[in-house]
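What follows is a short report on a single structure.
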Amino acid sequence: MIGMSDDLEPIAPQEAVDLWLDRLQSTRADETLQSYRYRLKPFVQWCKQEGIDNLNDLTSRDVFQFDSARRAEGLKVSTLNNQIGTLKQFIQFCERIDAVPEGLPAKIEVPSVELADRVNDELLSAERAETIRENLNRYARASRRQAMFELLWHTGCRLGGLRGLDLRDCFFEESDLERLRHQDDIDQAALEQVDVPFIYFRHRPETPLKNKREGERPVALSQTVADRVQEYIDVHRVERQDSNDRRPLLTTEKGDDGRASKSSIRREIYIMTQPCHWGSCPHDRDTTNCEALEHTLEARCPSSRSPHPIRTGSITHMRDEGWPPEVVAERVNATPDVIREHYDHPDPIRRMQSRRDFLSEGDPE
1 MIGMSDDLEP IAPQEAVDLW LDRLQSTRAD ETLQSYRYRL KPFVQWCKQE GIDNLNDLTS
61 RDVFQFDSAR RAEGLKVSTL NNQIGTLKQF IQFCERIDAV PEGLPAKIEV PSVELADRVN
121 DELLSAERAE TIRENLNRYA RASRRQAMFE LLWHTGCRLG GLRGLDLRDC FFEESDLERL
181 RHQDDIDQAA LEQVDVPFIY FRHRPETPLK NKREGERPVA LSQTVADRVQ EYIDVHRVER
241 QDSNDRRPLL TTEKGDDGRA SKSSIRREIY IMTQPCHWGS CPHDRDTTNC EALEHTLEAR
301 CPSSRSPHPI RTGSITHMRD EGWPPEVVAE RVNATPDVIR EHYDHPDPIR RMQSRRDFLS
361 EGDPE
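In terms of UniProt numbering, the sequence shown has 193 at position 193, counting the first letter as 1, and numbering is strictly consecutive.
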């Protein structure tokens, strides 16, 4: 039994949750904090039902009983894993502020999930991505859609990162580097050696990155990708400012805000990943009355994908090409463990070949 301490300070479950989330505000995106609050809501409600109004009284048996109650509701193991995993992080915080008995977090067992249950199998394959790129270049050259897809696939960025890009974040020519010359967070000596093109993901309050300041990073582009984005800027980008007087990279003609919304970008991605948009339907549907071709219903196509599976597919492709997890992690702003656990969907043949190529590089001539 965990030993009770006289040093514990009384605190109600909801008050502790609010305190934890407030503490995380400087390092976590609002959407992440909302997901944490959502995951902890059942625990706070359960504590109320069980008469636990002071976390000082919480025991490992209580947590076990909460876990059992959630399992009895038929939750998927992956959902349970997320909820109990978040609860354990919260209880670790509570231990640090003397709100729960010492040693309690170590007694919380997070339900294990098989890799196949953890990952999202709806990733966009490299083959499909290349087909979409070819079709966009042939039929939608210099369009906003082409710029969106090129950046999503090439950088593996999140939707929020893509939407938050401004023209000033594009460094395609040597002269663009002048914008970085006098910034305190830039190593001026390193700047003399840097190659273009690249884009710079920046955290700004009105267009936040998931990991805020820690998510800021320059990401190198191939010349082909930079040229295609520049063509969009030169030919089809609508010159508009957003409500904060910034010049977005992805603009829209409609609405009061000139920046493309998340929902608009998501819908565009759904459309361009529909196979029938470029050819025949692989699902034997009648394209004259298919519901997935109706406005706002594009996601109902079995083959359509949202931005996240594109990120997943992009990261997987980098790994299949032999990129180390640590290198991929820095490029896409994730940890190496997250890359391995949630985004790494290896193609066994490609992965074997990438290992062979990696080994051959070290072979003596």
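All C-beta atoms, glycine included, are put in the ideal place defined by N, C-alpha and C.
Remember, predicted model here, so these are calculated numbers, not experimental data.
Ranked by Cα distance from Leu-58, the options Asn-81, Glu-95, Leu-80 and Leu-33 are led by Glu-95. Boundaries of the alpha helix (DSSP H) harbouring Arg-37: 30-49, taken from the DSSP string.
When C-beta atoms of the segment 50-64 are compared with those of the segment 12-26, three or more pairs fall below 8 Å, so the two segments count as touching. Residue burial is scored here from C-beta neighbours: Lys-48 has fewer than 16 other C-beta atoms within 10 angstroms and is therefore classed as exposed. Fewer than three beta-carbon pairs drawn from the segment 125-139 and the segment 211-218 are found closer than 8 Å, and the two stretches are therefore not classed as touching.
Beta bridge pairing from DSSP links Thr-251 with Arg-259. The C-alpha of Ser-143 is placed about 49 Å away from the C-alpha of Gln-92. If you check the CB distance, Val-63 and Ile-108 come in under 7 Å. Tyr-232 counts as buried, since at least 16 other C-beta atoms from the protein chains shown sit within 10 angstroms of its C-beta. Collapsing the DSSP output to three states places Arg-204 in a strand. Val-17 is positioned such that its CB atom lies no closer than 7 Å to that of Leu-33. Distance from the CA atom of Ile-97 to the CA atom of Cys-290, rounded to whole angstroms, is 56 Å.
Proximity to Ile-271 across Ser-306, Asp-242, Thr-251 and Gln-183 peaks at Ser-306, based on C-alpha coordinates. In the three-state reduction of the DSSP assignment, Phe-171 falls in the strand class.
The Cβ atoms of Ala-29 and Pro-248 do not sit closer than 7 Å to each other.
Close CB contacts of Phe-198 within its chain, under the 7 Å cut and outside five residues either way in sequence, are with Phe-171, Pro-218, Val-219, Ala-220 and Leu-221 (chain order). The alpha-carbon of Gln-83 is positioned some 29 Å away from that of Leu-162. A Cβ-Cβ separation of about 6 Å places Phe-90 in contact with Trp-20 under the 8 Å criterion.
Pro-105 sits in a helix when the DSSP states are folded into three classes. When the five nearest sequence neighbours on each side are left out, the beta carbons in the same chain lying within less than 7 Å of the beta carbon of Leu-80 are those of Arg-70, Arg-71 and Pro-111, in order along the chain. Comparing C-alpha distances from Ala-329 to each of Glu-321, Arg-340 and Asp-320 shows the shortest one belongs to Arg-340. About 5 Å separates the CB atoms of Ala-260 and Thr-252; that is less than 8 Å, so the two are in contact. In the three-state scheme derived from DSSP, where H, G and I count as helix and E and B as strand, Val-196 is classed as coil.
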